Every structure is written in C-alpha cells, then in structure tokens.
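Everything in the sequence shown is counted per my numbering, starting at 5 for the first residue and increasing by one.
Ideal placement from N, C-alpha and C gives every residue a C-beta, glycine not left out.
Given the structure is predicted, the values throughout are model-derived calculations rather than measurements.
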Amino acid sequence: MHLGATLRLLRVDAGVSLRDMARRIGVSSAYLSRVEHGVDAPPTAERLAAIARELDVPPALLMDVANRVNPYVADYVEAVPGASTLLLEMARRRLSGVQLARVRDFLDAEFPTRGEPVDAAVPALAPLLSPERIVLQLSHEDRADLLDVVAGRLAEAVPGADAKALAKALRQCADESSCTVGGGVAVLHASLPGTEPVAALVTLARGLKVETPDDQPLRLVVAAVDGERGRARLVRMAHVARLASRGLSERLADARQPSQVLALLEELEALR
Numbered sequence: 005m006h007l008g009a010t011l012r013l014l015r016v017d018a019g020v021s022l023r024d025m026a027r028r029i030g031v032s033s034a035y036l037s038r039v040e041h042g043v044d045a046p047p048t049a050e051r052l053a054a055i056a057r058e059l060d061v062p063p064a065l066l067m068d069v070a071n072r073v074n075p076y077v078a079d080y081v082e083a084v085p086g087a088s089t090l091l092l093e094m095a096r097r098r099l100s101g102v103q104l105a106r107v108r109d110f111l112d113a114e115f116p117t118r119g120e121p122v123d124a125a126v127p128a129l130a131p132l133l134s135p136e137r138i139v140l141q142l143s144h145e146d147r148a149d150l151l152d153v154v155a156g157r158l159a160e161a162v163p164g165a166d167a168k169a170l171a172k173a174l175r176q177c178a179d180e181s182s183c184t185v186g187g188g189v190a191v192l193h194a195s196l197p198g199t200e201p202v203a204a205l206v207t208l209a210r211g212l213k214v215e216t217p218d219d220q221p222l223r224l225v226v227a228a229v230d231g232e233r234g235r236a237r238l239v240r241m242a243h244v245a246r247l248a249s250r251g252l253s254e255r256l257a258d259a260r261q262p263s264q265v266l267a268l269l270e271e272l273e274a275l276r
C-alpha cells in the first residue's frame, strides 16, 4: 500500500502546502516530499499521529494505511502481557469484522470506557451508496469516459446537479492530487454547496492504465459529492484509503451484484 499518496491526497484537499505541513510536524519539506512520492519509508507512528492532528483526522486511519500498530495498542500490550494471548486467540479463530464488533459490544457493556475514546468512530462508506450508484465491471478504457459515468450516477442522486459540471469537478480533483491511493483504487470528491454526502462506486472489467503510486492498474473508483471541504470529507477519504489497504479492489473484483458490494462493506466496516 502507498501511504504517501494518501498523505498527499489529504494534504492537498485540506489546502495545506507541502512546506507548511513539513513545518508543522517538524521535518523538512524535502523529506515529506520523498515520503509522499514513496521514495522514503513511511513516517514513524509518532509522526503519523502528528500529521493526523494537523489534518484533524483519527490517527488510527493513517496507522492502518501504513500498516503500523497504534502506539496506544503497543503500550497496552507491553503493560498487560496477557493481552497478546487474547489477540492470538482471536487470530487463531480468524474472527471476522462482524464477529469482532460483537466482542466490542460486549466490552462496551461490561467494561465502559473512561474519559474520551482514543479515536472517534469513523462514518461508514456503505450508507452513502445505493444500488443505483454501484456500477460493476465497467468496460470503458478511457479516464474521461469513466468520470462521465461516475458523475452521471452522482448527479441522479443530487437534485439540480449538472452531470457535466460534476465530471469537470472530478477531473479537477484527479488532476490536483492524482487521487489514486494504491491497491488499484482512486478516491474522488466534488463539492456542491448545501449537498448531503452521497457516493458512487465503480469497478472496472479491465484495469485502466493511468499513473498510480504503486504501478497497479486502476480497478476501482469511489467518488463522492458533498456540501463542502472539511474534516468529514478528509476522514471519509482516509477511510476509503484504509479500505484500499485492506484489499478492497481485489475483494470486489468478482462482484456482479450491488448487494455483494454492500455485504462486503458491511464486513469491512463493522469495526472502523
């Protein structure tokens, strides 16, 4: 998974320059640029947490994209060694996301948390979708045609929206920060004042040859339209990047019905 592409996507959408972000987290702009372009290894957990704070997104999202253990978890396992045994048992049983959510419900009931949660819950993608906005095995081989299809499905869900204007906004998003986050996934957004968030999801019958951070062909596009830029949008984009890091494109490769997509998202998003 290419963490750097996700960091750049979020930073650009937040309107923060490379130089400013580097200054805020105490690194050089040259170093941060190398990270965003995949030249240097992902930052430490502490620096990822600092970036998350500057973007106002849950640090756990970036940790997951980078495949790093949250320092809070590492500190707990070190302080309570028996916790690693329980984690091993869950892994041995290969608990699914839905089953782990049941474990969390038990913990919430039996052992309520004290104080503020480490990370607030992340809104799910699935509720923003509908079967009409899930297009599977699209055969287009041109990016412009692909964006037209996505914009058309989104426009149908937004009263008064113009499909051509939405397509133009999505192209601008793609041109500004690439919007490909690795794993064959692209994350696109457009803004229409006063609009409640809605999303569309498209899988491709054949990988589209566009520039991607990990050189994998584009196979899946998630696009959303909402009222404005801001924290909620950044969190949603980071969450989709996390889904990409969990193999979303590969998991949906054989899906032929929207119901299969929604069922898979229910599994992946049971814990988030």
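In three-state terms, what does DSSP make of residue i?
i    : result
S249 : helix
L104 : helix
D146 : coil
S88  : helix
H6   : coil
A125 : coil
H243 : helix
L222 : strand
S263 : helix
G186 : strand
R157 : helix
R175 : helix
D230 : strand
V206 : strand
L192 : strand
L212 : strand
L269 : helix
L275 : coil
V162 : coil
L22  : helix
L11  : helix
In chain order, what residues of the same chain lie with their CB nearer than 7 angstroms to the CB of residue i, ignoring the 5 residues before and after it?
i    : result
I29  : R51, A54, I55, E58
A130 : L266, L269, E270, E273
H41  : G8
R38  : D44
C183 : L13, C177, A190, V191, L192
H243 : L65, V126, L129, R276
G101 : E271, L272, A274, L275
Grab me the residues of residue i's own chain with a C-beta within less than 6 angstroms of its C-beta, minus the 5 sequence neighbours each way, in chain order.
i    : result
A167 : A155, G156, A159
L208 : L142, R223
P2   : The shown model of the chain, from 5 to 276, leaves out residue 2, and the question about it has no answer.
A128 : E273
C235 : Going by the sequence as given, residue 235 is Arg instead of Cys. Correct list, in chain order: D60.
Closest by CA to residue i, which one among the options?
i    : options                : result
A203 : G186, R210, V191, Q261 : V191
V273 : V126, A161, G164, G19  : Reading the sequence as shown, one finds Glu at residue 273 and not Val. Closest option to E273, Cα to Cα, is V126.
A9   : A236, A267, P201, A178 : A178
S134 : D24, A161, L111, K172  : A161
L170 : A236, A194, A148       : A194
R137 : T117, P201, V107, D218 : P201
R276 : R108, A87, P116        : R108
G186 : E254, A128, D152, V31  : E254
T216 : G188, V239, T199       : G188
A228 : L247, E180, R246, A173 : A173
R260 : M67, L140, G231        : L140
R246 : G19, P62, R23, G198    : P62
L11  : P46, S32, V31          : P46
L132 : G19, R240, G251, L256  : R240
G19  : D219, E180, Q264, V214 : E180
Let me confirm a value: residue i is counted as buried when at least 16 other C-beta atoms fall within 10 Å, else exposed. Which label applies?
i    : result
R15  : buried
D79  : exposed
L90  : exposed
R72  : buried
P221 : exposed
D258 : exposed
A148 : exposed
A64  : buried
R97  : exposed
T199 : buried
Among the residues of its own chain, which have a CB less than 8 angstroms from the CB of residue i, if the five just before and after it don't count?
i    : result
Y35  : A26, D44
L150 : L142, H144, V206, L208, L212, V225
Do residue i and the ligand MN come close, with the Cβ less than 7 angstroms from some heavy atom?
i    : result
L129 : By its list of ligands, the structure shown contains no ligand whatsoever, and the ligand MN lies outside what it can speak to.
Legend entry - Ordered list of alpha helix (DSSP H) runs contained in the region 25-75, each at least 4 residues: 33-40, 49-59, 63-69
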